[in-house]
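These notes concern the structure reproduced below.
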Amino acid sequence: MKSQVWMKIKIQRFGSTEKVPVLVPARKRSCLEPWVIGLITFISMIVLAVCVGLIVHYVRYNTRKNYNYYSTLSFTSDKYYHEFDKEATTNFTEMSQRIETMVKNAFSQSSLRREFIKSQVIKFSPQDPGVVAHMLMIFRFPSTQSPESIKKTIQRVLHEKLQHATGPPKVDPSSVVLTNINKTETDNYLSNCCGTRMGASFGTSDRIVGGQEVVQEGEWPWQASLRWNGVHRCGATLIGATWLVSAAHCFRNYKDPAQWTASFGVTINPPKEKQRLKRIIVHENYKYPSHDYDIAVTELSRPVTYTNAVHRVCLPDASHQINPGSAAYVTGFGALRNDGNSVNRLQQVKVNIIDTKTCNEPQAYNNAITPGMICAGYLEGGKDACQGDSGGPMVSSNSRDIWYLYGIVSWGDECAEPNKPGVYTRVTAFRNWIEAKTGI
1 MKSQVWMKIK
11 IQRFGSTEKV
21 PVLVPARKRS
31 CLEPWVIGLI
41 TFISMIVLAV
51 CVGLIVHYVR
61 YNTRKNYNYY
71 STLSFTSDKY
81 YHEFDKEATT
91 NFTEMSQRIE
101 TMVKNAFSQS
111 SLRREFIKSQ
121 VIKFSPQDPG
131 VVAHMLMIFR
141 FPSTQSPESI
151 KKTIQRVLHE
161 KLQHATGPPK
171 VDPSSVVLTN
181 INKTETDNYL
191 SNCCGTRMGA
201 SFGTSDRIVG
211 GQEVVQEGEW
221 PWQASLRWNG
231 VHRCGATLIG
241 ATWLVSAAHC
251 FRNYKDPAQW
261 TASFGVTINP
271 PKEKQRLKRI
281 IVHENYKYPS
291 HDYDIAVTEL
301 SRPVTYTNAV
311 HRVCLPDASH
321 QINPGSAAYV
331 TGFGALRNDG
341 NSVNRLQQVK
351 VNIIDTKTCN
361 EPQAYNNAIT
371 PGMICAGYLE
381 GGKDACQGDS
391 GGPMVSSNSR
401 DIWYLYGIVS
411 WGDECAEPNK
421 PGVYTRVTAF
431 RNWIEAKTGI
């Protein structure tokens, strides 16, 4: 329906102005009826409530938390307890790996395959008959599940699956005991184990080029800085609560332990912990300028407190050999380029083990590498230790993610030059000497 609207229009007719009616369409009403608005509001509120409910449900049932357990498991073996009672030995590692694999397989073949994170044997104890394995187990479950039902499910799976586990060793599934522990207790147990990283990112001597800064505290908790009258001179590696291992040449002109301090942490200043040295023991056969027997151990004035940031590395058996091509890491506070200055923040670099024959080629070190040395780096150069890294660690982990000290930064031709990889004191060659001096 149209309504008439009068408008004043000029009409040039005989000079007069006339008013004429003009038909204009009326505007349609744009507002909705009240009942329509109410219906839309009601539906919107229902949709919003459903969305909120779904989000709450998802968060509640998909938020997971860690559940840690201390567990014991009895077993019998053709080996005697004393053959693997000492941590980090080959027998200890092999037996630990067998038991951890059994536990992993038990859960991977069960309904808990997604919840199981890892297990780690921390020690063995004697039992008549047999041996008891003490281990930590970590799971991740939805936070809505009750701790008691989780524990019962874990025990049931272990009891059922371990009955069919193939040895050696022969385990007793009925002997499994689980105890809930929190993160602090877990860290305390791990602190008693060597080679664990709980924070859980390398001419002449003294040299890390091509590496990167370590940004996380506890990344390499065994790294120490040795300082003469407060000035960083060398690196060192914590191997026990009161013992460090380093390079002999670091102490060639600096023999007074009272002038030395050892600091720990990812920065030299401020350190996480600092201690004075009580004693310095340089290998009896070290004679400068030779690079042979470039090893020393130092005793701290008091024991360190093991934490996520300060922790000891494992020492390999004397008979153990790391294969050429294996990956290792070198860490230190040394210079980032040849003839540069030391840095305040810890650096790391990944290197590869190089076989002695290649390292002794004429274009490399021309037969200067002896059985007490090991080469690591890259023949093309680019990554290496550098001045200030001397005495520091070259470490590598095994399949259990346990870290071992295989080399001590010793010497090389400048830093990161082609065909001139870093040369390290071979720790396995001096393993018996370390034990004789430190008892470790």
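FYI, UniProt numbering numbers position 11 of the sequence shown as 11, with every residue one higher than the one before it. Backbone N, C-alpha and C fix where the C-beta goes; we use that ideal spot for every residue, glycine too. Computed from a prediction, not measured in an experiment: that's the story for all the values here.
Name the DSSP beta bridge partners of residue 399, please? Looking at the DSSP assignment, residue 399 forms no beta bridge with any residue, so it has no partner.
Considering only residues of the region 322-406, which uninterrupted alpha helix (DSSP H) runs meet the minimum length of 4 residues and lie entirely inside it, listed in chain order? 356-359
Separation of residue 52 from residue 396, as counted between CA atoms: 49 Å
Inter-residue Cα distance where the pair is residue 390 and residue 358: 23 Å
Closest residue to residue 254 among 270, 170, 296, 314 (Cα-Cα distance): 296
Can you say whether residue 230 is buried or exposed, counting buried as having 16 or more other CB atoms within 10 angstroms of its CB? exposed
Rounded straight-line distance, which links the Cα of residue 178 to that of residue 118: 15 Å
When the Cα atoms are used, what is the spatial distance from residue 91 to residue 282? 30 Å
Is there contact here, the region 303-312 with the region 413-422, by at least three beta-carbon pairs under 8 Å? no
How many Å lie between residue 153 and residue 138 at the Cα? 14 Å
Kindly list the residues whose CB is nearer than 7 Å to the CB of residue 429, restricted to its own chain and excluding five residues on each side of it in sequence; keep chain order. 371, 372
Could you tell me if residue 82 is buried or exposed, where buried requires 16 or more neighbouring beta carbons within 10 angstroms of its beta carbon? exposed
Local Cβ density within 10 Å of residue 22, reported as buried at 16 or more and exposed below that: The pLDDT assigned to residue 22 is 49, lower than 50, so where the model puts this residue is not dependable, and the model offers no usable value.
Are the region 348-362 and the region 316-328 touching, with three or more C-beta to C-beta distances below 8 Å? yes
Can you confirm whether residue 91, when its beta carbon is compared against all beta carbons of chain B, has any partner nearer than 8 Å? Chain labels in this structure do not include chain B; a single protein chain is all it has.
What is the DSSP secondary structure of residue 431, counted as helix, strand or coil? helix
Would you list the residues sitting across from residue 65 in a DSSP beta bridge? 141
In its own chain, which residues sit with a C-beta less than 6 Å from the C-beta of residue 65, not counting the 5 before and 5 after it? 143
Selected residue, minimal CA-CA separation from residue 260, among 79, 405, 236, 158: 236
Mapping DSSP to helix, strand and coil, what is residue 289? coil
Mind reading off the beta-carbon distance from residue 380 to residue 418? Whole number of angstroms is fine, and I expect it under 8 Å. 6 Å
May I ask which residues mark the beginning and end of the alpha helix (DSSP H) holding residue 89? Segment: none, residue 89 is in no alpha helix (DSSP H) and carries neither H nor E.
Give me the residue from 251, 224, 258, 401 with the minimum Cα distance to residue 244. 224
How many Å lie between residue 318 and residue 431 at the Cα? 5 Å
Just checking my contact of residue 374 with residue 406 at CB under 8 Å: how many whole Å lie between their CB atoms? 7 Å
If contact is defined by three or more beta carbon pairs under 8 Å, each pair taking one atom from either stretch, is the region 175-192 in contact with the region 279-293? no
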